[in-house]
Amino acid sequence: MKKSNKIVLLVAGIILFFTSFFLDKNAQYMVSLIKNNLFDIIFGWFTDFINIFVIFILITALFLWEEKKREWIFPLWLSFFISIILSYIIKIITLRPRPIETSQILTGLNYSFPSLHATALFAALPILNKEFPKLKFFWILFAFFVAFSRIYLEYHFLSDVVFGAFLGYLIGVFIIYIEEKYRPFKFLK
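Under the numbering used here, the residue at position 183 of the sequence shown is numbered 245, and the numbers go up by one with no gaps.
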């Protein structure tokens, strides 16, 4: 990615993040207008972390292996795990309550900001888009549906998801930068 594009992406992400705080309540209201049983099932599937892990991390790691792009498996996993760790650290620091309390959420992890799902998925996106550009639309669409499911099911506010997506994407871009500049994972080839 060109330096000018990175700066534009960074500025746009920051503006979008701060703007999203003002839209949290409106977004919750708009989403409540489309709630129905079918969407509950669909977005329930998209929000299941096991489905996300299997589709986005395990299957894509197998694709990378099969396509002889093995040096990107470890960076993919690393971006995923760094995003999870950073999300938990930020959750513990901010302690932002979720839009709605449910019995499905464990008590110790019951914080909203940032969306762990959005952070983890968007951390993988830069690597997947780089290595599988023909599937770019699929990766982005899948990440969008998962992120939207978090708002739809009232686990997160819009700003939680926007910040998570932004943070995750930055993590993924950083991992690509490290790999391309220093090649620490070249032995995995």
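Beta carbons are placed, not taken as given, at the ideal position from N, Cα and C, and that holds for glycine.
Proximity of residue i and residue j at Cβ, strictly below 8 Å
i	j	result
Gly234	Thr181	no
Ala205	Leu183	yes
Leu138	Ile189	yes
Gly153	Phe175	Sequence check: residue 153 is Lys here, not Gly. Closer than 8 Å, so yes.
Ser145	Ala185	yes
Phe207	Asp86	no
Tyr270	Leu187	Absent from the model: residue 270. The displayed extent of the chain is 63 to 251, so no value can be given.
Ser211	Thr122	no
Pro161	Gln90	yes
Phe228	Phe79	yes
Element boundaries [alpha helix (DSSP H), containing residue i]
i	result
Val73	65 to 94
Lys192	178 to 193
Tyr150	135 to 156
Tyr244	220 to 244
Asp102	99 to 109
Contact belief for residue i with residue j at Cβ below 8 Å, rounded distance in angstroms
i	j	result
Arg213	Val223	Note on residue identity: the sequence assigns Ile, not Arg, to residue 213. At roughly 6 Å, the Cβ-Cβ gap stays under 8 Å, so Ile213 and Val223 are in contact.
Glu216	Lys131	Not confirmed; about 38 Å, so no contact.
Leu126	Ile135	5 Å
Asn113	Trp107	6 Å
Helix, strand or coil at residue i [DSSP, three-state]
i	result
Thr164	With a pLDDT of 48 at Thr164, under the threshold of 50, the modelled position of this residue cannot be trusted; read the value that follows with caution. Coil, per DSSP.
Phe200	helix
Tyr173	coil
Leu120	helix
Lys215	Note that residue 215 corresponds to Leu in the displayed sequence, not to Lys. Reduced to three states, the DSSP call for Leu215 is coil.
Glu128	helix
Residue i CB to nearest heavy atom of the ligand ADP below 7 Å
i	result
Ser66	With respect to the ligand ADP, the structure offers nothing, as it holds no ligand at all.
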